[in-house]
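For the sequence shown, the numbering used here begins at 2 and goes up steadily by one.
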Amino acid sequence: MEKYQTLLYYKYTSIEDPETFTRQHLDFCNSLDLKGRIIIAYEGINGTVSGLSSACARYMEAIESDPRFEGIHWKIDDVEEPSFAKMHVRFKHELCHMGIEDLDPNELTGIYLKPEDFQKMMAEADTVILDVRNTVEHELGKFKDAITLDIEHFRDFPAKVKELEPLKDKRVLAYCTGGIRCEKATAYLIRNGFDNVFQLDGGIVTYGKETGGKDFEGKCYVFDKRIGVKVNSVNPSVITKCHICGTTTDRMINCANPECNQHIPMCENCGWEYDGACSDSCRQHDRKRAYNGTGYYMKGDGTLVK
Ligand SMILES: [Zn+2]
Ligand SMILES: [Zn+2]
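Listed below in structure tokens is the structure:
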């Protein structure tokens with residue numbers, strides 16, 4: 002039987018009339034029966050799409066044949082089922098909202114490091130590893146000894162850079178999930194006087210595939226129904242504990258109360274016992290959704306994904 006794949010990719014490139022392109026691109030994705038989430042902006046494209054391998058192949062071929070996307074890099078995962086329930090293609094003003102004008106990674110960005118070079122450099126003196134992702138992400142998994150920031154959104158990153166001032170003279174190795182946020186985060190660091198700034202090319206996802214993932218602790222948070230993916234097959238560990246009983250678990254759910262919807266680590270047993278809710282009050286909430294053991298719910302209407 003034909004298998005499914007999930008593709009993760011981005012490209013900073015100039016797109017004229019992105020709104021028209023957004024509509025055309027949605028039609029194209031639908032014609033291939035792909036599911037996923039794609040953002041299109043004047044500054045480029047960022048997406049995760051999932052579908053049959055043959056559809057993914059046709060999608061990649063079409064994108065690669067477009068000169069605007071020359072050199073695009075794909076992170077390809079084989080999956081048991083599509084990682085999304087619907088297909089969304091949206092126009093936005095920025096690929097990942099940072100709120101800083103005039104940062105073009107094609108003009109200014111940190112030095113790219115191939116995963117194996119990143120791995121070597123991590124152990125060197127006067128080097129700090131900087132996680133530019135959000136709290137919910139680095140709580141599930143991160144590089145050993147990485148500096149993490151308590152932020153809810155990427156747009157909170159610039160305000161945190163002040164706290165990083167003492168690291169100005171160090172060599173900074175930045176990383177994120179697939180690389181897209183680092184392109185801008187490192188540009189912002191350089192603009193603010195950090196002058197020894199590197200970024201993990203292709204992000205954690207590529208690091209895991211190319212090096213076996215040594216020294217990545219826990220799982221890599223992803224924004225689809227898998228929630229967390231495995232990275233490290235060399236010295237894996239689990240850094241999260243069940244929100245209810247405290248046992249070590251890397252299983253993540255969304256609270257079944259749609260008004261809470263908090264991402265929490267929760268073991269299998271507590272998931273059933275609390276019926277997918279993070280607390281007694283959430284369990285008793287009027288709008289609590291049915292729990293099917295996955296803890297993943299659609300955004301918006303709150304219906305359960307099968
Ligand atoms: Zn538990
Ligand atoms: Zn809750």
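Even glycine gets a Cβ: it sits at the ideal position worked out from N, Cα and C.
- Straight across, the Cα-Cα distance linking P259 with C271 is about 18 Å.
- For a cut-off of 8 Å, the C-beta gap from L190 to V173 is around 6 Å, short enough to register as a contact.
- In this structure, C243 is the residue among G247, I77, T249 and C243 with its C-alpha nearest to the C-alpha of N255.
- Judged by DSSP in its simplified three-state form, S55 adopts helix.
- Annotation for M123: the continuous alpha helix (DSSP H) segment containing it runs P116 to M123.
- Counting every other CB atom within 10 Å of its CB across the protein chains shown gives G194 a total below 16, marking it as exposed.
- Remark: the shortest separation between the CB of N270 and any heavy atom of ligand 1 falls under 7 Å.
- Put simply, the segment 47-64 touches the segment 22-39. At least three CB pairs are less than 8 Å apart.
- Taking the Cβ atoms as the reference, G214 lies roughly 6 Å from S234, within the contact range of under 8 Å.
- Between the alpha carbons of G180 and Q200 lies a distance of about 8 Å.
- Distance from the C-beta of I245 to the nearest heavy atom of ligand 1 is below 7 Å.
- If you ignore the 5 residues before and after H286, its C-beta comes within less than 6 Å of the C-beta of N258, all in its own chain and listed in chain order.
- The alpha-carbon of I240 is positioned some 15 Å away from that of I228.
- Among the bridge pairs identified by DSSP, V162 is matched with none.
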